[in-house]
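Data first, discussion second: the structure below is written as structure tokens.
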Amino acid sequence: MAKAVWNGQTLAESETFETVEGNIYFPEESVKREFLKPSSTTSSCPWKGQARYYTIVVDGQDNPDAAWYYPDPKPAARNVKHHIAFWRGVEITK
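Numbering (the UniProt record's numbering) for the sequence shown: 1 to 94.
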């Protein structure tokens with residue numbers, strides 16, 4: 001079981017997940033979307049493709065760009081399609 005927690009709130013929890021470069025990617029359906037606000041931030045990875053970000057909002061506190069996903073990953077990273085990963089102080093346990 002993998003779990004993502006920030007500011008005392010569970011953001012995601014799942015028995016199944018993908019691990020890429022040390023990051024846990026949670027299936028979209030396991031993520032509590034009410035805590036995610038779309039961000040205009042993007043970044044690019046040479047082998048995964050273009051990432052999009054979410055700001056996490058819990059109890060009125062923002063954690064900007066603390067979740068990311070690849071809407072259209074390159075072939076080598078197809079396993080992270082429909083998955084979301086976290087960082088910037090989000091505690092990940094498994």
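Think of the CB as a built atom: it goes at the ideal place given N, C-alpha and C, for glycine as much as any other residue.
Given residue 39, which residues of its chain have a CB within under 8 Å of its CB, disregarding the five upstream and five downstream residues? Within the sequence shown, the letter at position 39 stands for residue 39. Here the set comprises 52, 53, 54, 55, 64, 65.
Nearest residue (CA-CA) to residue 43, options 67, 4, 76, 89: Counted from its first residue, the sequence shown places residue 43 at position 43. Closest option to residue 43, Cα to Cα, is 67.
Ignore the nearest five residues each way along the sequence and tell me which others in residue 72's own chain have a CB closer than 8 Å to its CB. As a working note, residue 72 is residue 72 in the sequence shown. Within the same chain, residue 72 has close Cβ partners 49, 50, 81.
Extent of the continuous beta strand (DSSP E) run through residue 23: Along the sequence shown, read from residue 1 onward, the residue named residue 23 stands at position 23. Note, residue 23: beta strand (DSSP E), 23-27.
By a C-beta neighbour count over all protein chains shown, 10 Å radius and 16 as the cutoff for buried, is residue 76 buried or exposed? Position 76 of the sequence shown holds residue 76. Residue 76 is exposed by the Cβ-count criterion.
Could you give the DSSP three-state label for residue 79: helix, strand or coil? Here residue 79 corresponds to residue number 79 of the sequence shown, with the count starting at 1. Three-state result, residue 79: helix.
Give every residue of the same chain whose Cβ lies closer than 8 Å to the Cβ of residue 90, excluding the five residues on either side of it in the sequence, and list them in chain order. In the sequence shown, the residue the question calls residue 90 occupies position 90. Correct list, in chain order: 4, 5, 6, 11, 56, 63, 66, 67.
For the beta strand (DSSP E) that contains residue 94, what are its first and last residues? Taking the first residue of the sequence shown as 1, we reach residue 94 at position 94. Careful: residue 94 lies outside any beta strand (DSSP E) and carries neither H nor E.
For residue 33 and residue 13, the rounded distance between their alpha carbons: Here residue 13 refers to the residue found at position 13 of the sequence shown. Here residue 33 refers to the residue found at position 33 of the sequence shown. Distance between the alpha carbons of residue 13 and residue 33: 12 Å.
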